[in-house]
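Residue numbers (my numbering), protein chains in the order written: chain X, 8 to 200; chain Z, -4 to 77.
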């Protein structure tokens, strides 16, 4: 989750940036570039596309900074922008064969509940595992991916997530439930002992 | 069922919140009893948790070249000059 512990400084930076300070703008970018890049990668699953989404996000931020009301956190605003850019990128790509998970049937089955051969701690040292994770989440439609990443990975609340993706709280819960169950099944098929 | 520092009550609250139920409702009580005694459901819960942890721990770093390209695209690569 984006660190917003230094809100006074951030407000000051925003004000300075609005008044034309490139130094303040560069500092705001520096404060959030890693989080925006990482978020974009977790949705796009490709470093080049993530970098493109990050660049577009900060271009949008600079263009619209005067319209930022400050009612929401800057981080929430940036998550909204980067989510939209990730969705636009996904739509502009050659159509990918996403799995439809509109229907709950078969997402949760009480068969095949088995232990896995890897633990999450192994991820940093295992490229094969990274490929498995990439392939699993690539099948998930991007709008479900975004809900999963915002809520479960970035740790935003259901309410914050619903505001970012412009969905009701029950719709966010439903998408999250389906995304979790789908990914869990995909990994279970590959990682099950 | 106990996992890490999360208490059963928290887990139940989360489950029952999703269901729109009170914690002491018959449905919640039944779920708790089932979870306490069902290894299959405990494994399922653990595997969903592991799924989240896998993706949470899989991070990428923006390297210095990526940072410089970003500043260049934004017209901010002036070493702090206004």
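Beta carbons: idealized from backbone N, C-alpha and C, even for Gly. Given the structure is predicted, the values throughout are model-derived calculations rather than measurements.
Item to check | Cβ-Cβ distance between residue 198 of chain X and residue 125 of chain X below 8 Å | outcome: yes
Item to check | Span of the alpha helix (DSSP H), counted from its first residue to its last, around residue 167 of chain X | outcome: 165 to 172
Checklist entry - Which word fits residue 95 of chain X, buried or exposed, when buried means at least 16 other C-beta atoms lie within 10 angstroms of its C-beta? => result With fewer than 16 other beta carbons inside 10 angstroms of its own, residue 95 of chain X counts as exposed.
Checklist entry - What's the call for residue 45 of chain X, buried or exposed, on a 16-neighbour Cβ count within 10 Å? => result buried
Item to check | Classification of residue 17 of chain Z by the beta-carbon crowding that lies within 10 angstroms, buried from 16 upward | outcome: exposed
Checklist entry - For the alpha helix (DSSP H) that residue 34 of chain X lies in, which residues bound it at each end? => result 29 to 51
Next on the checklist: Please list, in chain order, the residues of the segment 170 to 194 of chain X that have any C-beta partner in chain Z closer than 7 Å.
Outcome noted: 180, 187, 190, 191 and 194
Item to check | Of the residues Z/39, Z/58 and Z/11, the one placed nearest residue 189 of chain X, counting alpha carbons only | outcome: Z/39
Checklist entry - Which partner residues of residue 199 of chain X appear in the DSSP bridge assignment? => result Beta-bridge partners of residue 199 of chain X (DSSP): X/123.
Next on the checklist: Against chain Z, with Cβ distances strictly below 8 Å, would residue 84 of chain X count as a contact?
Outcome noted: It does not: the Cβ of residue 84 of chain X has no partner Cβ on chain Z nearer than 8 Å.
Checklist entry - Taking Cβ-Cβ distances shorter than 7 Å, what residues in chain X pair up with residue 62 of chain Z? => result 40
Next on the checklist: At the 8 Å Cβ level, is residue 30 of chain Z part of the contact set with chain X, yes or no?
Outcome noted: no
Item to check | Any C-beta of chain Z under 8 Å from that of residue 66 of chain X | outcome: At a cut-off of 8 Å between C-beta atoms, residue 66 of chain X counts as an interface residue with respect to chain Z.
Checklist entry - So residue 58 of chain X packs on residue 61 of chain Z, CB below 8 Å; how close in whole Å? => result 6 Å
Checklist entry - For residue 75 of chain X, which three-state DSSP category applies? => result coil
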